[in-house]
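Here is the structure we will look at, set down as structure tokens.
Residue numbers (full-length UniProt numbering), protein chains in the order written: chain A, 1 to 682; chain B, 1 to 93.
In structure tokens form, the structure reads like this:
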């Protein structure tokens with residue numbers, strides 16, 4: 001039954017993708033949505049059996065690679081971490097499928113879209129249910145592919161193509177790190193199976209890897225390489241540039257992939273590999289610092305974005321930063337808890353944004369919105385619930401994980417945790433500012449929309465509204481309901497899924513931090529909201545006047561242009577790589593070296609050789625006699641001195657000789673050809 | 001933003017000033033210096049420079065214009081290509 005969770009979306013995707021023309025619009029939509037819904041139902045059963053009843057399930061399904069020492073099969077592993085992810089993925093995916101039916105109804109390629117959504121769901125499920133690193137890598141690459149296809153769904157748009165290629169390439173950098181990490185795991189543990197590796201982690205905690213004659217602590221190297229993969233997939237600082245551009249895809253895609261599920265794969269992977277990370281404290285410091293910096297960077301950038309979806313995209317990157325640094329300070333359970341909560345309210349925010357965009361005739365710019373609260377009351381309510389949950393308003397879903405993240409960061413008295421705490425606390429105010437700015441600019445401020453747009457505006461139809469409503473329930477209650485189950489003190493929920501060294505567990509400690517620290521996030525949230533109200537509604541003149549001051553104008557540009565990361569990457573990395581690709585690898589190597597040693601060299605060498613040899617046949621008997629004499633002499637010499645010569649004559653010398661021979665002949669004949677043309681010209 | 005009337009008045013003012021100047025300064029060499037073409041050129045250059053310094057990093061683009069979010073999304077097929085099967089919607093429902 002557990003395998004059906006994976007099989008149903010795959011079958012639905014194949015049917016809708018290959019036979020969409022026969023199934024039609026309604027058939028494809030119905031098939032994919034009902035399959036994913038069934039898969040959600042089975043996930044819930046799996047959740048009950050595995051997580052609540054504590055029956056971890058492992059399925060060895062099929063052999064894949066069985067080569068001497070290297071064994072990796074198709075296998076599935078269902079523990080608490082997996083089933084939590086299963087429930088999150090399939091529930092959000094069902095709602096997004098449902099939403100897409102209405103959102104994309106005017107698009108002529110709906111069956112293709114539904115097929116992509118389902119194939120994405122399948123790959124994501126593959127990623128979380130894998131029982132070895134290789135299969136996880138398969139899912140990892142699969143979601144990358146699905147993400148590419150979905151960003152490029154409107155492939156006639158140049159921007160969409162560019163964004164999808166960017167997402168693919170940037171993710172390749174991360175995937176390269178992940179692949180190296182998996183290889184390093186194999187070289188240390190001689191297996192890629194999760195349970196073997198994790199069981200041996202403590203045993204190998206002192207192992208070293210030798211690279212370039214330098215000894216490295218093996219687990220630190222492995223964890224940092226794995227983290228590079230997470231940086232790419234979870235859009236952490238450095239490889240974050242693809243995420244905001246990925247907003248080119250249709251809004252349901254942004255909700256499903258670029259907010260709720262795929263981007264959290266990095267967090268999932270770190271939580272899954274917690275036994276490795278626990279024995280690599282230096283890697284954890286890197287994780288915490290990068291997470292905190294991402295959190296801060298994305299929040300500052302989100303503050304000045306004008307595109308509705310981009311604000312939410314940066315908010316996603318910022319929240320991913322929170323999750324990653326929670327993992328970096330060893331609180332994987334809190335990270336995963338925030339992942340789950342974030343999935344609900346971020347999907348709600350994105351789908352509400354989609355509803356706004358849908359009703360405003362595809363207007364995405366917040367500068368041309370305003371006053372929508374009266375026109376779209378339902379969407380306004382949903383967006384407010386999502387935003388309040390995101391900023392951590394007390395007793396909503398976001399509150400239960402975000403505040404805990406800050407508390408555990410405070411309660412762990414190491415410098416990296418302090419750094420993360422500082423940045424995380426600043427980000428609370430920034431998060432609140434951009435969330436409320438979004439609400440105010442879209443719904444409250446005087447309208448800037450065109451008259452025709454306002455006249456055509458309509459609130460969400462039933463199929464758009466239903467997923468929003470269900471997600472809003474999740475955004476309000478999930479945190480409260482799941483808090484004690486997932487991050488309660490001494491909860492048996494996680495069993496062996498997540499491993500934390502006893503000295504790294506600070507959940508109890510965090511209960512005893514000063515009460516003022518616990519109030520700090522709330523105060524920051526209120527401050528952010530007040531400032532947002534002041535600048536966006538109460539005194540827009542002040543905000544304009546500020547933007548006229550040269551310093552603030554350049555600061556605005558700096559933040560709006562995402563700290564010029566893309567410009568630096570383009571100017572210093574992409575351009576150099578392109579020129580290397582053209583000048584060195586294409587012109588010098590492909591067209592130069594390999595041509596000379598390959599086809600051109602042979603084409604020139606053999607005629608020249610033939611000419612040379614043809615001169616031997618002179619027809620004079622004494623020439624032949626000399627050649628025979630020389631040959632015989634040579635043969636006698638070599639055979640009598642072979643005992644000495646065989647030490648000197650290495651077969652590899654023959655290879656060098658062959659290459660030199662080609663070069664020599666090539667240049668000889670080329671210069672001869674050149675000479676003859678020069679002669680002709682004369 | 002200047003209204004159409006203000007624009008017309010500005011143009012008329014400039015044209016009249018030129019005519020008046022030509023009546024006063026009979027000699028062409030004086031007229032050319034006094035018309036202030038160079039001054040206007042410099043002022044325009046300054047204005048353009050100032051506008052550039054105020055360039056918005058993320059300007060508003062109408063969705064269906066190049067660079068907008070609707071631009072080139074599902075463009076119509078070229079003439080001569082017709083859909084024979086429209087995903088079961090041939091009846092127009």
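Just so you know, even glycine gets a beta-carbon here, dropped at the ideal spot from N, CA and C.
All values reported here derive from a predicted model rather than from experimental measurement.
Per-residue burial, residue i [other beta carbons within 10 Å of its own, 16 or more giving buried]
i: residue 302(A); result: buried
i: residue 654(A); result: exposed
i: residue 496(A); result: exposed
i: residue 69(A); result: exposed
i: residue 48(A); result: exposed
i: residue 591(A); result: exposed
i: residue 248(A); result: buried
i: residue 24(A); result: buried
i: residue 27(B); result: exposed
i: residue 210(A); result: exposed
i: residue 54(B); result: exposed
i: residue 346(A); result: buried
i: residue 498(A); result: buried
i: residue 650(A); result: exposed
Secondary structure of residue i, DSSP reduced to three states
i: residue 59(A); result: strand
i: residue 445(A); result: coil
i: residue 681(A); result: Caution applies to residue 681(A), whose pLDDT of 49 falls short of 50 and renders its modelled position unreliable; the value that the coordinates give is listed next. DSSP places residue 681(A) in helix when its eight states are reduced to three.
i: residue 505(A); result: coil
i: residue 614(A); result: helix
i: residue 81(B); result: coil
i: residue 70(A); result: strand
i: residue 26(B); result: coil
i: residue 41(A); result: helix
i: residue 55(B); result: coil
i: residue 500(A); result: coil
i: residue 67(B); result: coil
i: residue 52(A); result: helix
i: residue 415(A); result: helix
i: residue 590(A); result: helix
i: residue 208(A); result: strand
i: residue 77(A); result: strand
Neighbourhood of residue i by C-beta distance below 8 Å, restricted to the same chain and skipping five residues each side
i: residue 569(A); result: 241
i: residue 533(A); result: 436, 440
i: residue 326(A); result: 291, 332, 334, 335, 338, 405, 408, 409
i: residue 25(B); result: 31, 34
Nearest neighbour of residue i, chosen from the options [CA to CA]
i: residue 112(A); options: 47(A), 31(A), 183(A), 37(A); result: 31(A)
i: residue 719(A); options: 81(A), 369(A), 140(A); result: Shown here, chain A extends from 1 to 682; a query on residue 719(A) therefore has no answer.
i: residue 430(A); options: 525(A), 158(A), 454(A), 457(A); result: 525(A)
i: residue 358(A); options: 103(A), 542(A), 493(A); result: 103(A)
i: residue 139(A); options: 248(A), 253(A), 278(A), 262(A); result: 262(A)
i: residue 197(A); options: 412(A), 279(A), 122(A); result: 279(A)
i: residue 434(A); options: 316(A), 84(A), 649(A); result: 316(A)
i: residue 231(A); options: 264(A), 517(A), 250(A); result: 264(A)
i: residue 153(A); options: 2(A), 282(A), 109(A); result: 109(A)
i: residue 562(A); options: 205(A), 298(A), 64(A); result: 298(A)
i: residue 390(A); options: 313(A), 447(A), 450(A), 28(A); result: 313(A)
Beta-carbon contacts of residue i that lie in its chain and below 7 Å, excluding the five residues immediately before and after
i: residue 226(A); result: 178, 181, 269, 273
Amino acids of chain A, ordered along the chain, whose beta-carbon sits closer than 8 Å to that of residue i
i: residue 70(B); result: 362
Under 8 Å from the C-beta of residue i: neighbouring residues of chain E
i: residue 441(A); result: Checking the listed chains, one finds no chain E in this structure; the protein chains it contains are A and B.
Closer than 7 Å at the beta carbon, the chain B residues around residue i
i: residue 162(A); result: Going along chain B, no residue has its Cβ under 7 Å from residue 162(A), so there is no contact; the nearest lies around 12 Å.
i: residue 107(A); result: 74
i: residue 557(A); result: 57
i: residue 365(A); result: 60
i: residue 306(A); result: 58
i: residue 561(A); result: 57
Own chain residues within Cβ distance below 6 Å of residue i, not counting five before or after
i: residue 77(B); result: none
i: residue 8(B); result: none
i: residue 83(A); result: 46, 47, 50, 51
i: residue 72(A); result: 64, 65, 132, 134, 192
Residues that residue i contacts on chain B, provided the C-beta gap is smaller than 8 Å
i: residue 158(A); result: 72
i: residue 245(A); result: Within chain B, no residue comes near residue 245(A); the closest Cβ sits about 13 Å away, beyond 8 Å.
i: residue 437(A); result: Ordered by position in chain B, no residue passes the 8 Å Cβ test against residue 437(A), which lies about 15 Å from the chain.
i: residue 368(A); result: 60
Neighbour list for residue i in chain A, Cβ cutoff strictly below 7 Å
i: residue 75(B); result: 156
i: residue 78(B); result: Correct list: empty, because the minimum Cβ distance to chain A is about 12 Å.
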